[in-house]
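A short write-up of the structure that comes next.
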Amino acid sequence: MQWARHLGATVIATVSSDDKARTVERLGAHHVIVYSRENFADAVMRLTSGRGADVAYDAVGNDTFAGSLAALAVRGHLVSFGQASGPIGNWDIGRFASKSLTISRPNYGHFTDTPEKLAPHVTSFFQALRQGVVRVEAPTRYDLANAADAHRDLESRHTTGALILLP
Numbered sequence: 000m001q002w003a004r005h006l007g008a009t010v011i012a013t014v015s016s017d018d019k020a021r022t023v024e025r026l027g028a029h030h031v032i033v034y035s036r037e038n039f040a041d042a043v044m045r046l047t048s049g050r051g052a053d054v055a056y057d058a059v060g061n062d063t064f065a066g067s068l069a070a071l072a073v074r075g076h077l078v079s080f081g082q083a084s085g086p087i088g089n090w091d092i093g094r095f096a097s098k099s100l101t102i103s104r105p106n107y108g109h110f111t112d113t114p115e116k117l118a119p120h121v122t123s124f125f126q127a128l129r130q131g132v133v134r135v136e137a138p139t140r141y142d143l144a145n146a147a148d149a150h151r152d153l154e155s156r157h158t159t160g161a162l163i164l165l166p
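Quick note: the sequence shown uses numbering that gives the first Met the number 0, first residue 0, plus one each step.
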């Protein structure tokens, strides 16, 4: 999100709670939609005067996939890179023709499986950190003995950012 904003994108974030809304606002989202209260596809259309988003990045999967597609502009692109809520199931790709939509399902490992492929990503990321383009918040720490608490917090969506289990 921070990098997209730095590159000039208008960032519309959708989150599940007010706490997460405050987090993404602090990190630079131009607009934040709490999808547990508002249909995020409708909100995106309202915020873009009916045009839709050029790109949607969806890490949630089953619960948000249809909405992500609906939020796209004509010739929009959906990057589906996760399935936190489960697999997206089967879709008739013929339905994408109504707006000439495209979709990708990248696996980051295919882009970083050799030192030569990984190096440019590492270089760009650390340069962005040094320039202040990207800020990384401290991870939430759990004692290994409390790993079950970490899992419960993660599953109940009470966490943001990275979690670390400490011995």
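No residue lacks a Cβ here, since even glycine has one placed at the ideal position from N, Cα and C.
**Report entry** Supposed contact pair residue 105 and residue 78 - C-beta distance, whole angstroms, cut 8 Å
**Finding:** Here residue 78 corresponds to residue number 79 of the sequence shown, with the count starting at 1. Here residue 105 corresponds to residue number 106 of the sequence shown, with the count starting at 1. Going by Cβ atoms, the distance from residue 78 to residue 105 rounds to 7 Å, so yes, they are a contact pair.
Query raised in the report: Can you check whether the CB of residue 143 is closer than 8 Å to the CB of residue 119?
Result: Within the sequence shown, numbered from 1, the residue matching residue 119 stands at position 120. Within the sequence shown, numbered from 1, the residue matching residue 143 stands at position 144. Against a cut-off of 8 Å, the Cβ pair of residue 143 and residue 119 comes out as no contact.
Query raised in the report: So, helix, strand or coil for residue 34, using DSSP?
Result: Along the sequence shown, one-based indexing puts residue 34 at 35. It is coil, neither helix nor strand.
Query - Three-state secondary structure (DSSP) of residue 120 - result: The residue labelled residue 120 in the question sits at position 121 within the sequence shown. In the structure shown, residue 120 sits in a helix (DSSP, three-state: H, G or I).
Requested in this report: Would you mind stating whether residue 43 and residue 84 have Cβ atoms separated by less than 8 Å?
Outcome: The sequence position of residue 43 within the sequence shown is 44, counting from 1. The sequence position of residue 84 within the sequence shown is 85, counting from 1. Taking 8 Å as the Cβ cut-off, residue 43 and residue 84 do not qualify as a contacting pair.
Query raised in the report: With residue 141 and residue 117 assumed to form a contact (beta carbons below 8 Å), what rounded beta-carbon distance in angstroms separates them?
Result: The residue labelled residue 141 in the question sits at position 142 within the sequence shown. The residue labelled residue 117 in the question sits at position 118 within the sequence shown. 28 Å between Cβ atoms; not a contact.
Requested in this report: Measuring alpha carbon to alpha carbon, tell me which of 0, 34, 55, 100 ends up nearest residue 15.
Outcome: Position 16 of the sequence shown, counting from 1, holds the residue named residue 15. Considering only alpha carbons, the answer is 34.
Requested in this report: Within 10 angstroms of the Cβ of residue 13, are there 16 or more other Cβ atoms? Answer buried if so, exposed if not.
Outcome: For the purposes of this step, residue 13 is taken as residue 14 along the sequence shown, with counting starting at 1. With 16 or more Cβ atoms within 10 Å of its Cβ, residue 13 is classed as buried.
Query raised in the report: Can you tell which of 121, 70, 62 has the C-alpha that lies nearest to the C-alpha of residue 110?
Result: Along the sequence shown, one-based indexing puts residue 110 at 111. Cα-wise, what sits closest to residue 110 is 121.
Query raised in the report: According to the Cβ coordinates, are residue 71 and residue 52 closer than 8 Å?
Result: Start at 1 with the first residue of the sequence shown, and residue 71 comes out as number 72. Start at 1 with the first residue of the sequence shown, and residue 52 comes out as number 53. Against a cut-off of 8 Å, the Cβ pair of residue 52 and residue 71 comes out as a contact.
Report task. Provide the residue span of the beta strand (DSSP E) that contains residue 66, from first to last. Result -> Counting from one through the sequence shown, the residue named residue 66 turns up at place 67. Looking at the DSSP string, residue 66 is not in any beta strand (DSSP E); the run it does join, the alpha helix (DSSP H), is 64 to 69.
**Report entry** residue 113 classed as buried or exposed, judged by whether at least 16 other C-beta atoms fall within 10 angstroms
**Finding:** As a first step, residue 113 is located in the sequence shown; it is residue number 114 there, counting from the start. Exposed, by the Cβ-count rule.
Query raised in the report: Could you give the residue range of the beta strand (DSSP E) that holds residue 156?
Result: The sequence position of residue 156 within the sequence shown is 157, counting from 1. Unbroken run through residue 156: none, as it is neither H nor E.
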